[in-house]
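Inspection log for the structure reproduced underneath, given as structure tokens.
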Amino acid sequence: MTDLPAIAGARCVLVLGGARSGKSRFAEAHVLAGGGRPIYLATATVGDDAEMAARIAHHRARRGDAWSTVEEPLELTATLHRLAQPGAAVLVDCLTLWLTNVMLAGRDIPAETAALAAALPELPGRVVLVANEVGLGIVPDNAMARAFRDLAGRLNQAVAATADAVVFLAAGLPLVLKACP
Amino acid sequence: MTDLPAIAGARCVLVLGGARSGKSRFAEAHVLAGGGRPIYLATATVGDDAEMAARIAHHRARRGDAWSTVEEPLELTATLHRLAQPGAAVLVDCLTLWLTNVMLAGRDIPAETAALAAALPELPGRVVLVANEVGLGIVPDNAMARAFRDLAGRLNQAVAATADAVVFLAAGLPLVLKACP
Amino acid sequence: MTDLPAIAGARCVLVLGGARSGKSRFAEAHVLAGGGRPIYLATATVGDDAEMAARIAHHRARRGDAWSTVEEPLELTATLHRLAQPGAAVLVDCLTLWLTNVMLAGRDIPAETAALAAALPELPGRVVLVANEVGLGIVPDNAMARAFRDLAGRLNQAVAATADAVVFLAAGLPLVLKACP
Chain A
1 MTDLPAIAGA RCVLVLGGAR SGKSRFAEAH VLAGGGRPIY LATATVGDDA
51 EMAARIAHHR ARRGDAWSTV EEPLELTATL HRLAQPGAAV LVDCLTLWLT
101 NVMLAGRDIP AETAALAAAL PELPGRVVLV ANEVGLGIVP DNAMARAFRD
151 LAGRLNQAVA ATADAVVFLA AGLPLVLKAC P
Chain B
1001 MTDLPAIAGA RCVLVLGGAR SGKSRFAEAH VLAGGGRPIY LATATVGDDA
1051 EMAARIAHHR ARRGDAWSTV EEPLELTATL HRLAQPGAAV LVDCLTLWLT
1101 NVMLAGRDIP AETAALAAAL PELPGRVVLV ANEVGLGIVP DNAMARAFRD
1151 LAGRLNQAVA ATADAVVFLA AGLPLVLKAC P
Chain C
2001 MTDLPAIAGA RCVLVLGGAR SGKSRFAEAH VLAGGGRPIY LATATVGDDA
2051 EMAARIAHHR ARRGDAWSTV EEPLELTATL HRLAQPGAAV LVDCLTLWLT
2101 NVMLAGRDIP AETAALAAAL PELPGRVVLV ANEVGLGIVP DNAMARAFRD
2151 LAGRLNQAVA ATADAVVFLA AGLPLVLKAC P
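Residue numbers (the working numbering), protein chains in the order written: chain A, 1 to 181; chain B, 1001 to 1181; chain C, 2001 to 2181.
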């Protein structure tokens, strides 16, 4: 799965999928297959959430020592400008959690979304971004959850529009939504 | 994305996807690309729901003045017989909201579903129908939501079976589920 | 849809999809198209759940008399070893309900998942397994539902990795995620 011809030469890839669909594993393999210094840009911070801590430890154990790790919950676009240099390959895991952080911080979400999408084609290094698809269930009861899935859908669309390639994962298997030109 | 060869000649297209997946935008572009007088058949009525009013205004601003708009929450099949004439291109946005309206009105849902699916191949004009996929989340707690997602799934299957082409949208990008023969 | 070339020769197929996406109907047609004695291995037991009883009756009426039926809520791997003999074609409907049963019985889920995935390539008969994709909605409020969708996602990944072919259903239409080699 790491040698998917349709995305092999892509400089910027969006990996989309549901919970436990194999997004992170696919994204890691794609970063390593393409070469360059692998950098894991985590938008989660361990904090005191035991569930999240377990999930982060699970991902970290799988990645092993080849990667350097940077934690950045909020300043994603600025951090990408700094890290995604020639010879580097940055994995952003994940956009959906970053959106949550941006929302909780009370920032201007459309502006942050637009800035990220505009920056992606400018970055000299390789970037692989992981995002959750959250809009395929029943309409949520509470207004906050409805607002969040609208914002997540718009973010995914904006990033997909400027990425070179987009892949949808289900049961660990990739479907190419957008192939390299 | 408006010149997707697999659906280019289709007279009746179902556009399926999650919340904020770019369904309406894709459907509008497909209607315009195919030619004919564009008619927007809205199954939502503004009523006094502020969230819905904002969503409708957002869609209306994007479409601009080329379109004529008809609002019909319930009599979808009869309205399609009237509007989908030669030279017209009707966008139904959306089936899932129509299903909600049919359900709240206490109508015979299997009969309404069957009548719509049977009518589609008979219509002389072009028709593009937008529908939500709502069955890919966790099983909902309440029985009403479970019943609704079953009915929505059956409606989508029935319409997909008689449509000429079916497209699934994710992050604004189309996957062809059924191509023109 | 029963003569999908990409999966025609597959001995073991995973059919994935949302609620009312046409998974069971597709799986039944694929079992019958491939030949062999059709056996329906139900992981649901009627019990006293009226909703489930109606769903089972609906599926049973559609299948008709050609099939023999075995109900096994828990011992799935052992039952497959017994039933999936040369000349047989077993439909497992469905994995997600089996996972629920395993969870409620307090069994070791990673061990059960691994045993099933390891067994699939060893079975001499044909096997088609139906599973729900449940991870594409908003993050559930309650921890139990979050844990379940993680486990379901891992189960789907493990089975997809050892199956010969994997198909995703939406609106009754198949997308091939993994084709026969």
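All C-beta atoms, glycine included, are put in the ideal place defined by N, C-alpha and C.
Query                                                                                                                                : Result
Proximity test, Cβ basis, 9 Å: V2134 of chain C and chain B                                                                          : yes
Neighbour list for I138 of chain A in chain D, Cβ cutoff strictly below 8 Å                                                          : No chain D appears in the structure shown, which is made up of the protein chains A, B and C.
C-beta atoms of V2015 of chain C and V2166 of chain C nearer than 9 Å                                                                : yes
Rounded C-alpha distance that separates A2117 of chain C from V2127 of chain C                                                       : 12 Å
Cβ pair count under 8 Å reaching 3, the region 31-45 of chain A against the region 63-73 of chain A                                  : yes
Partner residues on chain C for D1150 of chain B, Cβ-Cβ distance less than 7 Å                                                       : A2019, R2020
Contact list for the region 1166-1178 of chain B against chain A, Cβ threshold 7 Å                                                   : A1170, A1171, G1172, L1173, L1175
Continuous alpha helix (DSSP H) stretch holding E1183 of chain B: start and end                                                      : The structure shown has nothing for residue 1183 of chain B, since chain B only spans 1001 to 1181.
DSSP-derived helix/strand/coil call for N2156 of chain C                                                                             : helix
Cα-Cα separation between T2162 of chain C and G2125 of chain C, rounded to whole angstroms                                           : 15 Å
A1033 of chain B versus L2074 of chain C: straight-line alpha-carbon distance, rounded                                               : 53 Å
According to DSSP, residues forming a beta bridge with L89 of chain A                                                                : Checking the displayed sequence, the identity of residue 89 of chain A turns out to be Ala instead of Leu. A:P38, A:R126.
Extent of the continuous beta strand (DSSP E) to which V1166 of chain B belongs                                                      : 1165-1170
From C:E2028, C:S2024, C:P2140, C:D2164, residue whose alpha carbon lies closest to that of A2119 of chain C                         : C:D2164
Test: E2028 of chain C CB closer than 9 Å to a CB of chain B                                                                         : no
Limits of the alpha helix (DSSP H) - the one that V2176 of chain C falls within                                                      : Note, V2176 of chain C: premise wrong, no alpha helix (DSSP H); beta strand (DSSP E) at 2173-2178.
Segment contact flag, the region 2168-2178 of chain C with the region 2021-2028 of chain C, C-beta cutoff 8 Å, min 3 pairs           : yes
Beta-carbon proximity check, W2098 of chain C vs L2123 of chain C, cutoff 9 Å                                                        : no
Cut-off 6 Å between Cβ atoms - residues of its own chain near L2177 of chain C, not counting five sequence neighbours on either side : V2166, F2168
Within-9 Å CB hit, R2146 of chain C to chain A                                                                                       : yes
Spatial distance of R2063 of chain C from V2031 of chain C (CA atoms)                                                                : 11 Å
Any C-beta of chain A under 9 Å from that of N2156 of chain C                                                                        : yes
Buried versus exposed call for N132 of chain A [16 or more other C-beta atoms within 10 Å across all chains shown]                   : buried
Own chain residues within Cβ distance below 6 Å of T45 of chain A, not counting five before or after                                 : E71, P73
CA-to-CA distance, C1180 of chain B to V2013 of chain C, given in whole angstroms                                                    : 26 Å
L16 of chain A (DSSP reduced to helix, strand or coil)                                                                               : strand
Nonlocal neighbours in the same chain, by C-beta distance under 8 Å from H1059 of chain B, ignoring five residues either side        : S1024, D1093
Terminal residues of the alpha helix (DSSP H) in which A50 of chain A lies                                                           : 50-63
Run of the alpha helix (DSSP H) containing L1120 of chain B, from where it starts to where it stops                                  : Counting along the chain, L1120 of chain B falls outside any alpha helix (DSSP H), and DSSP gives it neither H nor E.
Under 9 Å between C-beta atoms of G137 of chain A and G2137 of chain C                                                               : yes
Listed by chain order, chain A residues near A2161 of chain C by CB distance under 8 Å                                               : G172
Within chain A, the residues that G2106 of chain C reaches when beta carbons sit closer than 7 Å                                     : Within chain A, no residue comes near G2106 of chain C; the closest Cβ sits about 20 Å away, beyond 7 Å.
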